[in-house]
Every structure is written in structure tokens, then in C-alpha cells.
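Colleague: Dumping the structure here so I can ask a few things about it.
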Amino acid sequence: MGLFDFLKGIIPEKFIYINVDNRKIEVKDSSVVIGDQVINDPEMVGKIFDKIEEYKNKESLPCQLIHKDLLDSFIEYEELSITQKESLKKLKEILLEEDVQCILMARRVKKAYDKGDSNLAKKLHSQLDRNFPKKGNKVFNLISGGYFDEMILPFIDVFKSEYEEKHIEKYRDFYSNILKFFPLAFFVSNNTTNERLKEGLIERLRLKGVPFVRLHAIGKSNMEKIEEVIGELKIEEQYLIKDNRFTSPTGLRAQIFEIKFRKEKGSREESV
147 MGLFDFLKGI IPEKFIYINV DNRKIEVKDS SVVIGDQVIN DPEMVGKIFD KIEEYKNKES
207 LPCQLIHKDL LDSFIEYEEL SITQKESLKK LKEILLEEDV QCILMARRVK KAYDKGDSNL
267 AKKLHSQLDR NFPKKGNKVF NLISGGYFDE MILPFIDVFK SEYEEKHIEK YRDFYSNILK
327 FFPLAFFVSN NTTNERLKEG LIERLRLKGV PFVRLHAIGK SNMEKIEEVI GELKIEEQYL
387 IKDNRFTSPT GLRAQIFEIK FRKEKGSREE SV
């Protein structure tokens, strides 16, 4: 099968160039480049991705597939603050490429929603789910809720300070566990009230079959909220706890408060 047959029926034939120099497909974030033609239509891009997916277990594609560096183009294209740009560069150094691509695509979805382009947003959201079925929507929820920029990114510097040469491994585990145990995590942000934290914690503690609940906080005031609610609910008397606190060289304070269930206790519903 040649490039023409591979793409036939997916994109207009005028986009397919048969000369050897152009027998390649460049995948760049939410667009595809074939020859000198740039395809941005989400539906068409999605079909190309689906076609590429069919070949993932085969020895080769009938063309050269090039995954362009998504980060540089995203940073140049999006209206990001200097702090966000630097944070994205840090993510590229720490997380796996697949995770970075998922994060960038999820940001694109949020950007489309923010601009009021609901049709594009829905198409991109659907594409995100197809490309990253196990974590795409979780990452989008973290980003759209403001938790990614406010909570997850700052932990990079915290982990660098705390674990030094092991910070990449530790941060990957931290990020992976957030996605794996997504319903069990609660992010205490500047907008979180004590009452909201209390409600969210009780709600998670009453879930059946869960190993633990984790509270994440950045900053002294948010850490104090955890301390106050934990004291009010008498958590330390009923559960096993692990209180991890960190301080970066710049003075940034962070906390991961883990609550585990005591095996000898009765039903969870009775303990909160």
C-alpha cells in the first residue's frame, strides 16, 4: 500500500502528493502536515489519527510518520503567561512524551471552550478522548478546574528540592497516581473553603473499596485548612494518616495528606 491508498477516502486527493520527498506525514499537536499542505480540520485530522492507529501493531506504515515537537509550537501559539511557559518546559523535562502531548491537547480543548467555539471544542474533546482514552478527560478536568496550574505544576519545584536526583521518578509516580486514583484526590486551592473541603473529604471517605484518600495543598493558608478540617472531623482518631510536608528553596510550602482506613474499624459510613 502506498501513501495515496493509505489516505484515499480520508482527505481530498489534491492534498496527497506522490513524489518521494513528500511521502511523509507530520503530526503536530492538533494538525497534520502532508507535503506543503497543513490540515487543521479536527474531523479530518481525527480520521487520519484513526487510520494511523490501525497500523500501530504492524511493522511499518506506508509513509514516514513524524511526530513534531508539540511543546514549542504550543507555547508560541497559545496566550500563556511567562510562568506557564516555563512550567510547560519543565514538564517536558520530567514527564513522558505521551503525558506532555495529552496535557497540551487538553489545554487546546479548554482554550476552544474559553473562546466560545463550542463546535471546535467538542470535536477536539472527542479527539482527546480517542487519543488518550484512559486519562484524557481526567487531565482536561484538572486543567479546566484550575488545579493543574495551581497545584500540580508547582509540585515540580517541590519534588526537585525534596528528592534531588530522584525527583523525576518521584514526580512521575506522583502524577501517575493522581490520574490512577483520580476520584480519591482532593485539591485544596485558594478558592476552597473549609466547608467545601469537609464535604469533599467526607464524600470520598464514604466511597466503597478505596485504599486511601489524598489531600493536596500548596501554600501555608491551604495547609492550615487541611489541619483545621482534619481536627474538626477527628480524622487522626479514626484513620491511619501520612502527613508529607515539603518546602522548596524559594520558600514554597506543599503538603500531601494521606488518609488510610483502619482494618479493625467497622463500616466506613459509621466512622465519618
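Every letter in the sequence shown is one number past the one before it in this note's numbering, and letter 83, counting from 1, is 229. Virtual Cβ for every residue (Gly too), placed ideally from N, Cα, C.
So for Phe-278, helix, strand or coil by DSSP?
Modeller: coil
Colleague: For Leu-288, tell me which candidate among Tyr-385, Leu-325, Leu-234 has the shortest Cα-Cα distance.
Modeller: When each option's Cα is compared against that of Leu-288, the closest is Leu-325.
Colleague: Nearest by alpha-carbon distance to Arg-276: which of Val-191, Arg-360, Phe-328 is it?
Modeller: Here the closest residue by C-alpha is Val-191.
Colleague: Could you compute how far the alpha carbon of Leu-330 sits from the alpha carbon of Lys-280?
Modeller: 16 Å
Colleague: Below 9 Å between beta carbons: does that hold for Asp-393 and Ser-307?
Modeller: Sequence inspection shows Thr at residue 393; the Asp mentioned does not correspond to that position. Yes, these two residues count as a Cβ contact at 9 Å.
Colleague: Taking one C-beta from the segment 402 to 409 and one from the segment 373 to 391 each time, how about it: are there three or more such pairs within less than 8 Å?
Modeller: yes
Colleague: Cβ of Met-297 within 9 Å of Cβ of Ser-335?
Modeller: yes
Colleague: Nearest-angstrom Cα distance between Ala-258 and Leu-266?
Modeller: Ala-258 and Leu-266: Cα-Cα distance of roughly 6 Å.
Colleague: Does chain D have any CB closer than 9 Å to the CB of Val-184?
Modeller: The structure shown contains no chain D, having only a single protein chain.
Colleague: Per the DSSP calculation, Leu-343 is bridged to which residue(s)?
Modeller: DSSP output for Leu-343 lists no bridge partner at all.
Colleague: In three-state terms, what does DSSP make of Val-246?
Modeller: helix
Colleague: What do you get for Asn-368, buried or exposed, if any count of 16 or more other CB atoms within 10 angstroms of its CB means buried?
Modeller: buried
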